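Just so you know, the sequence shown maps onto residues 69 to 271 in the numbering used here.
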Amino acid sequence: GIVSYGAIKKEREISLAKAYMALGKYDKVLEYKNAFMDALESFALFILGESPGDQNIATFINLPRDFVLAKANFETGKTAVAREEYDKLLQNPYTKDNGEIYWPILYDRGRISQKEGNRDQARDYYKQSIGVVESQRATIHTEANKIGFVGNKQEVYHQMVDCLLTDKRDSEGFEYVERAKSRALVDLLDRKSTRLNSSHTIQ
């Protein structure tokens, strides 16, 4: 009937929203943003129950929602709007508690500053972002990971190096190249460890 068709249509839209986010097709993310928000809310209610507390709402619904919209606006050229949205996120006291969203917010904010010609500010944001990445020793499991907008942590190192080399700060740039290599090795070992633990669990 009509209800079942509506439910199927909604599930399809949610799947499309997640896929477009993972693929980086941000114009389509904005097109399907209502379905994407439904996916976040459904996940949160499933995990937290019908009456989640304020902090849980911030972690599982509000922060991912606001980040997705800011990211989509930035990647589709709405830089001024995105800058405002990212700054609000950085003022949110819960943002720092969610590393998997905090580092890409700082990273994108740095990209905005670099795009606007403020490389000093860009470096500061990149430095903060790298600090968050390097302080993480375990993945923070939020809907951010499951939907696929966390991104590649190596990107922030590359941008930092580019920024430093542009300003002829070669020695600092090479230092971040070495840190990027070290971080890549840590990530590789973490992935191998996870796979080994999974295989032992299955046995």
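Every residue gets a Cβ at the ideal spot worked out from N, C-alpha and C, and that includes glycine. Just so you know, these numbers come straight off a predicted model, no measurement behind them.
In chain order, which continuous runs of the alpha helix (DSSP H) of length 4 or greater are located wholly inside the segment 128-182? 131-143 and 147-159
Tell me the residue span of the alpha helix (DSSP H) that contains ASP95. Boundaries of the alpha helix (DSSP H) around ASP95: 94-99.
Is DSSP giving GLU246 helix, strand or coil here? The answer is helix: DSSP assigns GLU246 an H, G or I state.
Please identify the residue among ASP95, GLU99 and ARG177 whose C-alpha is closest to the C-alpha of THR144. ASP95
Spatial neighbours of ASP235 within its chain, please: C-beta separation below 7 Å, excluding the five flanking residues on both sides. ARG187
DSSP-derived helix/strand/coil call for GLN222: helix
Please name the residue, chosen from ASP238, GLU152 and LEU98, that lies closest to VAL136 on a Cα-to-Cα basis. LEU98
Distance CB(ASN160)-CB(VAL149) smaller than 8 Å: Cβ atoms of ASN160 and VAL149: not closer than 8 Å.
For GLN189, the nearest candidate out of THR147, THR163 and TYR175 (CA to CA): TYR175
Whole-angstrom C-beta distance between GLN227 and GLY178, which should lie under 8 Å: 7 Å
Does DSSP put GLY185 in a helix, a strand or coil? coil
Neighbour-count burial assignment, GLU246, 16 or more Cβ in a 10 Å radius: exposed
For VAL31 and ASP238, what's the separation of their Cα atoms in angstroms? Since the first residue shown for the chain is 69 and the last is 271, residue 31 is missing from the structure and cannot be characterised.
On a CA-only basis, which of PHE242, GLN182, SER203 and LYS183 is nearest ASP165? Give me that one, please. SER203
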